[in-house]
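First the structure, in the form of structure tokens, and then the observations on it.
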Amino acid sequence: MKKTFRLFLIVLIIISGLVTLVKAQDTVLRVPERSKLDSLNSAVLNQKRLIQVFTPANYKPGSTDKYDVLYVLDGGNWNTGLIKQVQRFVEGEAYMPPTIIVSVLGIDRNKDLTPTHLEGWKTSGGADKFLSFIKTELIPYVNKTYPSNGDNTLWGHSLGGLFVIYAMLNEPKTFKSYIAVDPSLWWDNCYLPKIAGSKLPALAGSNTTIFISGREGRDGKSMRIDTMDLVLKKAAPQGLNWKIVTYPDETHSSVRLKTTYDGLKFTYAGYTGALEFHPMNGIILKDKPIKLWYFNDTTKVRYTVDGTEPTISSAKAQPEITLSEPATVTYKRFTNRDRYDKTVSGNFTTEKELHPMGLQKNTKPGGFNYIYYEGSWDKWPDVKSLKPAKTGITTSDFDADNLPRKNNFALVIDGLLETKEDGYYIFILDADKDSKLYIGNKLLIQWEGDYRRHTYSYILPLKKGFYPLRLEYLHKNEDFKLKLSYLTPGTISGKNPVPIPLNLQYSRN
């Protein structure tokens with residue numbers, strides 16, 4: 003709880019210098035961002051409407067990259083200043099993808115965001131036209147003008163939150179996700195909760211998400227969010243993923259921060275991190291089962307062992323499963339956005355065991371041989387035609403990070419690996435693109451990872467003896483580090499890989 007509070011405090015401090023009070027019409031966000039103040043003439047509303055569009059920091063104009071779009075009602079400094087910073091943080095923590103933010107600047111929120119007319123609210127009741135403007139004019143314009151992929155989220159606070167729920171009930175296919183912050187569900191004697199029961203069936207099978215927040219205490223209860231909670235519990239169809247959270251010790255304004263953070267995480271639940279299991283591939287012997295490990299949250303992960311793609315009805319992933327025969331194992335993580343579902347497979351085959359060799363002459367323990375080459379290559383070079391820049395032994399003080407270059411080099415490590423017992427060994431490699439690990443003449447691992455998936459592994463049976471080992475390390479990205487470790491038959495159950503001990507590494511003179 004303390005860590006969460008510190009997180010929100012830090013974000014709030016960052017934002018505090020960017021946000022100014024809104025006294026009338028929405029203002030334009032004034033921060034150094036990749037943004038454009040844009041406008042379109044609305045035939046539906048019979049007026050010119052301003053929007054401010056923020057494209058992701060890594061977007062390059064002219065590229066084919068497409069992004070989800072987050073539409074922010076009551077835009078400008080008051081809301082978008084906060085949301086832009088929280089979104090950036092959530093993206094940076096890998097809980098959501100890079101996203102376009104469209105700040106929809108308001109003119110008369112009492113008119114645009116309310117579904118019915120109330121006495122005392124002179125201009126109220128224009129939500130139908132405003133929703134039509136968003137659906138038929140604004141979204142098509144954004145899709146045409148900016149790199150949108152067509153998946154949209156709608157964010158709104160207070161009357162904006164009321165409108166968010168109104169939009170979901172009346173145009174359920176316009177947005178994939180909805181975030182309603184302390185919505186004014188009291189409006190017109192709880193008008194929206196009263197009609198929701200008849201509207202919700204249209205969302206069946208849509209894989210739509212809605213996150214609704216409120217506050218504890220008397221003021222929070224006055225928003226009547228409890229009425230919507232009752233309706234959703236009773237009538238929410240399969241395919242509508244919903245969550246209502248009430249926060250303690252928050253004001254109607256401050257609740258926006260936690261809601262935006264939690265709402266975006268809920269919207270993209272399952273997105274974070276790489277989908278991986280270990281060992282990833284390998285050789286399995288008859289009547290000698292192996293275990294596969296899945297270390298992350300298994301809640302929305304399914305798997306198969308026959309090569310077919312898992313469905314939501316497939317077996318639920320477990321932290322550990324046992325394979326007793328050859329299989330193609332496939333894991334799939336289902337997210338709240340189909341676009342970001344992830345699938346990964348591994349092949350476990352029956353092959354002839356590699357045979358150990360005797361200890362050769364002119365070899366000694368204490369490290370493998372290494373040869374270091376300097377150059378810039380997109381793929382593994384023909385090192386036989388290159389002159390080494392450095393050679394040596396991988397002794398206790400060897401570290402690839404201490405080689406003369408920080409990137410743009412090739413490194414060959416080879417020698418004999420001594421194995422002290424019969425059984426399964428798992429080799430684990432962190433490396434860089436196109437790096438390879440061989441035992442004998444068998445390629446175990448070809449590293450094709452990235453920032454999210456950097457650890458590769460392979461299981462195979464070995465007997466007591468000596469095996470040629472060769473590692474080809476092509477280093478181009480300074481951020482990627484070389485790390486080779488393993489598990490032996492005696493340590494495999496502990497799941498704690500260690501570097502190969504120097505006394506089991508043999509070099510050739």
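If you count by this note's numbering, then the sequence shown holds residues 3 to 511, one letter each, in order. All C-beta atoms in this analysis are idealised placements derived from N, C-alpha and C, irrespective of residue type, glycine included. No experiment lies behind these values; they were computed from the predicted model shown.
| Query | Result |
| --- | --- |
| May I ask you to list the residues that DSSP assigns as paired with residue 189? | DSSP, once it has assigned bridges, lists no residue as partnering residue 189. |
| Taking buried to mean at least 16 other C-beta atoms within 10 Å of its own C-beta, is residue 26 buried or exposed? | With a pLDDT of only 41 at residue 26, under the threshold of 50, the placement of this residue in the model should not be trusted; the figure read from the coordinates follows. Per the 10 Å Cβ criterion, exposed. |
| Is any heavy atom of the ligand HEM found at a distance shorter than 7 Å from the C-beta of residue 433? | Ligands are entirely absent from the displayed structure, and the ligand HEM is therefore not among its contents. |
| Once the 5 residues before and after residue 264 are set aside, which same chain residues still bring their CB inside 8 Å of it? | 213, 215, 247 |
| Can you tell me whether residue 386 is buried or exposed? The criterion is at least 16 other CB atoms within 10 Å of its CB, across all chains shown. | exposed |
| The beta strand (DSSP E) spanning residue 210 covers which residue range? | 210-217 |
| Rounded to a whole number of angstroms, what is the C-alpha to C-alpha distance between residue 461 and residue 143? | 53 Å |
| Rounded to whole angstroms, how far is the Cβ of residue 159 from the Cβ of residue 76, which I believe are closer than 8 Å? | 6 Å |
| Under three-state DSSP, which class holds residue 432? | strand |
| Is it right to say residue 502 is buried, meaning 16 or more other beta carbons lie within 10 angstroms of its own, or is it exposed? | buried |
| Residue 74 CB to nearest chain D CB: under 8 Å? | Note that chain D does not occur in the displayed structure, where there is just one protein chain. |
| What are the partner residues of residue 182, as DSSP defines its beta bridges? | 158, 214 |
| Taking all protein chains shown into account, decide if residue 500 is buried (16 or more other Cβ within 10 angstroms of its Cβ) or exposed. | exposed |
| For a test of the three-state rule: what should DSSP assign to residue 318, helix, strand or coil? | strand |
| Taking the alpha helix (DSSP H) that residue 362 falls in, what are its first and last residues? | Run containing residue 362: none; DSSP gives neither H nor E here. |
| Are three or more beta carbon pairs between the region 231-241 and the region 200-211 nearer than 8 Å? | yes |
| Rounded to whole angstroms, what's the CA-CA distance from residue 92 to residue 272? Just pull it up for me. | 13 Å |
| Using a Cβ-Cβ cut-off of 6 Å (strictly less than) and excluding sequence neighbours within five positions of residue 266, which residues of its own chain qualify? | 92, 98 |
| How about the region 330-346 and the region 299-307: do they share at least three Cβ pairs that are nearer than 8 Å? | yes |
| Can you tell me whether residue 280 is buried or exposed, with buried defined as 16 or more other CB within 10 angstroms of its CB? | buried |
| Can you name, in chain order, every residue of its own chain whose Cβ lies under 6 Å from the Cβ of residue 132, other than the five neighbours on each side? | 114 |
| Just confirm the distance between the C-beta atoms of residue 491 and residue 426, as a whole number of angstroms; I'd bet it's less than 8 Å. | 6 Å |
| At 4 residues or longer, what runs of the alpha helix (DSSP H) sit wholly inside the region 243-294? | 257-269 |
| Assign residue 512 to one of two classes, buried (16 or more other C-beta atoms within 10 Å of its C-beta) or exposed (fewer than that). | There is simply no residue 512 to check, as the chain begins at 3 and stops at 511 in what is shown. |
| Do residue 471 and residue 367 have their CB atoms nearer than 8 Å? | no |
| Less than 7 Å between C-beta atoms, sequence neighbours within five positions excluded: which residues of the same chain meet that for residue 417? | 370, 371, 471, 507, 508, 509, 510 |
| Rounded C-beta distance between residue 421 and residue 463? I'm assuming under 8 Å. | Incorrect: roughly 10 Å between the Cβ atoms, too far for contact. |
| Could you please give me the residues that DSSP links to residue 371 through a beta bridge? | 395, 416 |
| Given a cut-off of 8 Å on the beta-carbon distance, is the pair residue 2 and residue 433 in contact? | One cannot answer for residue 2 here, as it falls past the ends of the chain, which runs 3 to 511. |
| What is the residue span of the alpha helix (DSSP H) that residue 92 lies within? | 79-94 |
| Would you call residue 297 buried or exposed, if buried means 16 or more other Cβ atoms sit within 10 Å of its Cβ? | exposed |
| Looking at the secondary structure, which residues open and close the beta strand (DSSP E) in which residue 140 lies? | Neither: residue 140 is in no beta strand (DSSP E) and is coded neither H nor E. |
| Using three-state DSSP, classify residue 329 as helix, strand or coil. | strand |
| Restricting to Cα atoms, I'd like to know which of 102, 72, 128, 39 is closest to residue 48. | 128 |
| Pick helix, strand or coil for residue 334, following the three-state DSSP scheme. | strand |
| Below 8 Å on the Cβ atoms is my contact criterion, and I expect residue 70 with residue 151 to pass it. Report the Cβ-Cβ distance as a whole number of Å. | 6 Å |
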